[in-house]
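Here's the structure we're looking at; comments come further down.
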Amino acid sequence: WYRIPLQEQLAERLCKLAGMTNAFFCNSGAEANEAAIKLARLYGHQRNILTPGIIVTEGSFHGRTLATLSATGNRKIQAGFEPLVQGFHRVPYNDLEAVRQVGERSKDIVAVLVEPITGEGGVSIPDAGYLKGLRKICDEHGWLLMLDEIQTGMCRTGKWFACQHEGVVPDVMTLAKGLGNGVPIGACLAHGKAAQVFKPGSHGSTFSGNPLVCRVGLTVIDELEKGKFADRAAKLGKSLLAKLKETLAPIAGVKDVRGRGLMLAVELDRPCKELLQMALDRGLLINITAENVIRLLPPLIMTDAEADILVRELEGAVRAFLEKTAPGNKEPLAPAGSHA
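Basically this note's numbering = 1-based index in the sequence shown + 150.
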C-alpha cells in the first residue's frame with residue numbers, strides 16, 4: 151500500500167464541507183455516477199437483493215457512459231445505444247408519491263438517484279421539502295439517497311451544495327465540473343451505511359485521485375472559500391434573477407424565469423436552439439436544454455456590471471428570436487428596453 155497525501159487532503163476537505171466521511175475520486179461526472187450506481191448495487195447484494203433497483207427521474211441527466219445514460223431520463227441521449235442497462239425505475243421529477251408507489255410495488259429498490267435541481271432537464275427547481283421527503287422515504291425503506299450535485303455543487307446555487315438549502319445530507323453525493331475548474335476530476339462521496347459498502351478492490355480507476363488533479367481541487371476549494379463565492383452566488387443570483395424577471399417576464403413568448411443562486415433559466419413557449427448563435431453574436435455563451443429553456447450558468451466571478459450586460463444582451467437576443475419566429479411575423483415586439 152502507498153499513500154497520496156494530496157488525495158487524502160482533498161478527501162478530508164470535501165467530506166468536511168459535505169458532511170461525508172469517505173471519498174472516491176475519478177475523472178468525470180459520469181464516472182462519479184457510475185461509482186454511485188455500482189455502490190448502490192453492491193449495497194443491495196450485501197442485503198441479499200439479487201436484482202437491485204434504483205429509482206431515477208424523468209428529465210434527468212447523469213452522464214453518457216452506458217449505465218449513466220440508462221439512468222438518464224432523456225430518450226435522445228439513449229437512442230442508438232440499446233440495449234440499455236436494466237434496473238432503473240423512472241418516476242416524474244418532484245413527485246414524492248410516485249417514489250412511494252414504486253417502493254410499494256417493488257421490494258428490490260435499494261437507492262434513489264436524483265439531481266437537487268435538474269440541469270439538462272430545464273433547470274427544474276423542486277418544491278420545498280422535496281429532498282427532505284426523499285430523505286424520509288429512503289430512511290423508512292433502508293434505501294440510499296444519492297444526490298447528483300455535478301452541476302449544482304461547488305457554490306453554484308448559493309450554498310456549497312444544493313441539498314444544503316433544505317438541510318439534507320444524502321448517503322451518497324457525486325461531484326465534478328466546478329470541482330476541477332476545467333481539469334478532469336470527479337468525486338463520489340459517502341457516509342454512514344453507504345461508506346461501508348466499497349472494500350479495497352471493489353472499484354477503481356487508473357488516473358483517479360492523481361496528485362495533479364487533487365492539487366487543483368484543493369486550490370479550487372481555497373479560492374471559493376477565500377472569495378466567499380457561495381455567499382456571492384446567493385447575493386448576485388438573487389439580484390440577477392430579479393432583473394431577468396423584470397426584463398423578460400413581461401415579454402409575450404416567455405413562459406417563466408427561474409433560478410437559484412447562479413443557476414438560472416428562461417423558459418420560452420417554443421423550441422429555441424437558434425438562440426445559441428444569436429446569443430453568441432452578442433457575446434453570450436448560453437445553452438438550450440429541454441428544447442425551449444435557456445440555461446444560464448454564469449461564472450461565479452461575474453461582476454455586477456457584467457450581470458447588467460448579460461441582462462441587456464439576453465433581452466435583445468430573446469426579443470429578436472421571438473420576433474423572428476412569431477406566427478405570421480406580423481407585429482414586431484416592443485424594442486429592447488421597453489417594459490410597458
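Ideal Cβ positions, reconstructed from N, Cα and C, are used throughout, including at glycine.
How big is the Cα-Cα spacing for residue i and residue j?
i	j	result
lysine 385	methionine 452	12 Å
proline 477	proline 400	18 Å
valine 363	lysine 309	23 Å
lysine 376	aspartate 258	45 Å
alanine 470	proline 266	33 Å
alanine 182	leucine 325	7 Å
alanine 261	alanine 340	13 Å
asparagine 244	valine 206	11 Å
cysteine 288	leucine 216	26 Å
isoleucine 154	asparagine 360	8 Å
cysteine 338	glutamate 184	9 Å
phenylalanine 238	isoleucine 187	10 Å
methionine 381	glutamine 301	Looking at the sequence shown, residue 381 is not methionine but aspartate. So the two alpha carbons sit approximately 17 Å from each other.
asparagine 198	glutamine 236	18 Å
Count the other CB atoms within 10 Å of the CB of residue i; is the residue buried (16 or more) or exposed (fewer)?
i	result
glutamate 441	exposed
glutamate 481	Only weak support is given to the placement of glutamate 481: the predicted model assigns it a pLDDT of 46, under 50, and the value that follows is read from those uncertain coordinates. Classification of glutamate 481: exposed, given that the 10 Å Cβ count is below 16.
arginine 225	exposed
glutamine 251	exposed
lysine 166	exposed
tyrosine 152	exposed
arginine 255	exposed
Can you tell me which of the options puts its alpha carbon nearest to the alpha carbon of residue i?
i	options	result
glycine 269	Thr439, Gly328 and Arg285	Thr439
glutamine 228	Asn331, Gly209 and Arg306	Gly209
leucine 284	Gln196, Leu297 and Phe174	Leu297
leucine 234	Val252, Asp277, Arg240 and Ala221	Ala221
valine 366	Ala429, Gly330, Glu456 and Gln427	Gly330
alanine 345	Leu164, Ser274, Met170 and Lys388	Met170
leucine 434	Pro242, Val319 and Arg462	Arg462
glycine 409	Leu294, Leu394, Arg240 and His239	Leu394
asparagine 172	Phe348, Val468, Lys405 and Ile459	Phe348
tyrosine 193	Gln157, Glu158 and Lys343	Lys343
How far does the beta strand (DSSP E) with residue i in it extend, from its first residue to its last?
i	result
histidine 239	238-241
leucine 418	413-418
leucine 99	Because the chain spans 151 through 490 in this model, residue 99 falls outside it and cannot be assessed.
leucine 200	Premise fails: leucine 200 is in no beta strand (DSSP E) and is neither H nor E.
glycine 409	404-410
Let me know the secondary structure DSSP gives residue i once reduced to three states.
i	result
valine 322	strand
glutamate 208	coil
isoleucine 335	coil
valine 347	coil
aspartate 431	helix
aspartate 277	coil
isoleucine 267	coil
aspartate 214	The identity of residue 214 in the sequence shown is arginine, whereas the question assumes aspartate. In this structure, arginine 214 counts as coil in the three-state DSSP scheme.
serine 178	coil
isoleucine 436	coil
aspartate 372	helix
Span of the alpha helix (DSSP H) holding residue i?
i	result
arginine 462	454-474
cysteine 288	280-291
phenylalanine 311	Run containing phenylalanine 311: none; DSSP gives neither H nor E here.
isoleucine 227	225-228
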